[in-house]
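All remarks here apply to the structure that follows.
In the numbering used here, the protein residues as written are 176 to 384.
Put into structure tokens, the structure is as follows:
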């Protein structure tokens, strides 16, 4: 799993433990997901290219660094991925946001597309696909395929909890995509839920179950 990156900062691990608790409220769950996304954003943007720029400080002229190269796009997989967008936008407010809607068939566990709206220049941007859970990997793989069909060549996936099965599928389907996660859990159960996981992230975010 050479393309898998575990972000195990103590603050992230602490907040994730609180998220996992069954009695954590939707309000706290949303706030924690936002905070974890922002903290993970520091790592996923570590390799952004820099260029020199001349500036005037209150004391003197100086040569300093600023971000150059490709601009960013954040693409949440609906609906749980929406909970990760604001954390990244707090770091990169000028990033564009696209949306991909996929739902999982309760019987086959296969993803089905129902919505796709992307920035018109998406192919010229570094795309960060966000979804709290990487379970079977089907939804993430399909979303990335849709982005590649639009001409995207630089894509990263950011999740909070991943299962080995999902990482294996995504690595097989898209070996060029880097995966960033705060946890690699044990396995999937018979209902394709991550164990120990944190339940259905969408339901917990929005209090729909």
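Ideal Cβ placement from N, Cα and C applies to all residues, glycine included.
Your pair residue 305 and residue 319 does not check out as a contact, with CB atoms roughly 12 Å apart and the cut at 8 Å. Sixteen is the threshold: when 16 or more other Cβ atoms of the shown chains lie within 10 Å of the Cβ of residue 334, as they do, the residue is buried. Within the DSSP secondary-structure output, residue 290 pairs in a beta bridge with 276.
Counting the other Cβ atoms within 10 Å of the Cβ of residue 181 gives fewer than 16, which makes it exposed.
Among the bridge pairs identified by DSSP, residue 236 is matched with 231.
When Cβ pairs closer than 8 Å are counted between the two stretches, the region 341-348 is seen not to touch the region 284-304, the count staying below three. In the DSSP assignment, residue 193 falls within the unbroken alpha helix (DSSP H) covering 185-195. Judged by DSSP in its simplified three-state form, residue 337 adopts strand. Within its own chain, the residues whose Cβ lies closer than 8 Å to the Cβ of residue 314, once the five positions on either side in sequence are excluded, are 252, 277, 279, 286 and 306, listed in chain order. Here residue 311 is buried: its Cβ has 16 or more other Cβ atoms, across all protein chains shown, within 10 Å. Proximity to residue 281 across 368, 237, 331 and 246 peaks at 368, based on C-alpha coordinates. Taking C-beta atoms as the reference points, residue 381 and residue 218 fail to come closer than 9 Å. With a 10 Å radius around the Cβ and a threshold of 16 neighbouring Cβ atoms, residue 201 comes out exposed.
Scanning 316, 247, 254 and 274 for the CA closest to the CA of residue 264 turns up 247. Under DSSP, residue 354 forms a beta bridge with 179 and 332.
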